[in-house]
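*Asks:*
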Amino acid sequence: MPYLYTIEGADQWEFMIYLQRYMEEGDVLELLYIENQNDSMHDHLPSAPLLEPIEINIRQRTYQTIHGTFQLYANDWMQELYHRSYLTAFGVTTIVKY
14 MPYLYTIEGA DQWEFMIYLQ RYMEEGDVLE LLYIENQNDS MHDHLPSAPL LEPIEINIRQ
74 RTYQTIHGTF QLYANDWMQE LYHRSYLTAF GVTTIVKY
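Residue numbers for the sequence shown follow the numbering used here, so the first one is 14 and each next one is one higher.
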């Protein structure tokens, strides 16, 4: 059964460190960016379909968007990913390790 968490700081460097240290083989993490959670969640969920998904594969070091699949550098993939847009209000970001 999937779990639903509210997290802050997914756009921070510490989140990159978390991915490197704690994601295990077979893990799947989906992030849905909600701009403002001060009001009810229902009011801020997107009404239009999420058309720009992002998939990141930690093991294969790939970053995939509607524009194509990009290979991240093996040595500094965390730094490269940190400078890419991996959170968007237009789609779900799926982070996998397999």
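Backbone N, C-alpha and C define an ideal beta-carbon position, used for all residues, glycine too.
How should T106 be labelled, buried or exposed, when 16 other C-beta atoms within 10 angstroms of its C-beta is the threshold for buried?
*Replies:* Here residue 106 refers to the residue found at position 93 of the sequence shown. Label assigned to T106: buried.
*Asks:* Mark L64 as exposed unless 16 or more other C-beta atoms lie within 10 angstroms of its C-beta, in which case mark it buried.
*Replies:* Position 51 of the sequence shown, counting from 1, holds the residue named residue 64. Exposed, because fewer than 16 other Cβ atoms sit within 10 Å of the Cβ of L64.
*Asks:* What does DSSP give as the partner residues of F83 in its beta bridges?
*Replies:* As a working note, residue 83 is residue 70 in the sequence shown. Paired residues: Y76.
*Asks:* On the DSSP letters alone, give me the boundaries of the alpha helix (DSSP H) that I30 sits inside.
*Replies:* The residue you call residue 30 lines up with position 17 of the sequence shown. Start and end: 26–35.
*Asks:* In angstroms, rounded to a whole number, what distance separates the CA positions of Y95 and I108?
*Replies:* Within the sequence shown, the letter at position 82 stands for residue 95. Within the sequence shown, the letter at position 95 stands for residue 108. Near 13 Å, if we compare the C-alpha coordinates of I108 and Y95.
*Asks:* Alpha carbon to alpha carbon, how far is E93 from I71? Give it in angstroms, no decimals.
*Replies:* Counted from its first residue, the sequence shown places residue 71 at position 58. Counted from its first residue, the sequence shown places residue 93 at position 80. Spanning the two alpha carbons is a distance of roughly 12 Å.
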